[in-house]
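With positions in the sequence shown counted from 1, the corresponding number in this note's numbering is that position plus 70.
Okay, so here's the structure we're looking at.
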Amino acid sequence: MFNKRTVNQHEIGSLVGATTTITGNVEFSGGLRIDGTVKGSVRCAEGDQAGMLVVSENGHIEGEVRAGHLVVAGRIDGPVCAAQLIELQPKACVTGDVRYRALEMHHGAVVVGMMIHLSEDGKSETKFEPRNDSKTSLKLAANAEKAQG
């Protein structure tokens, strides 16, 4: 009934340990797991659109994040772009706009920012704007007058 998405899984070959803080930008190929803190942007190497980044429950990134497949269980303070898939685990917290092609968001995950869908070409975006429904506003105003009278 439902098709399970297939994503290229990379072996996680690099790790930022729980007691490690990196100040500066990080570029990686293949797979990277962050258990510590990165104060700077974290990006896949040029041309590696399938690179996998895992931010564990104790992981924290303060900066822009770009990866092919992104799994977030910790905290990201900055804009995020997942060229293929972003998975937001129950304790994930992202403060910043999230651009994604496919999204998996678990109950408890928090995003403070806009969710922007990327098209198949990975460039064009679909933004969801609130709808201005004047009929609802008038209806509420009319109901408010009745309640006062």
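For every residue, glycine included, the Cβ atom is placed at its ideal position computed from N, Cα and C.
query                                                                                     : result
Proximity winner among G83, T93, V142 and G110, relative to L155 (alpha-carbon distances) : V142
CB of M175 within 8 Å of CB of L158, strictly                                             : yes
Identity of the residue in V168, A137 and V125 nearest E116 by Cα                         : A137
Status (buried if at least 16 other CB within 10 Å, exposed otherwise) for S41            : Since the first and last residues shown for the chain are 71 and 219, residue 41 lies out of range.
Minimum C-alpha distance to A162 - residue among L85, H187 and G178                       : G178
Residues sharing a beta bridge with K65, DSSP                                             : Since the displayed the chain opens at 71 and closes at 219, residue 65 lies outside it and no answer follows.
Start-to-end residues for the beta strand (DSSP E) that takes in I82                      : Element bounds for I82: n/a, residue is neither H nor E.
Rounded C-alpha distance that separates E97 from V112                                     : 6 Å
Candidates T107, V181 and A88: closest to N95 by CA position                              : T107
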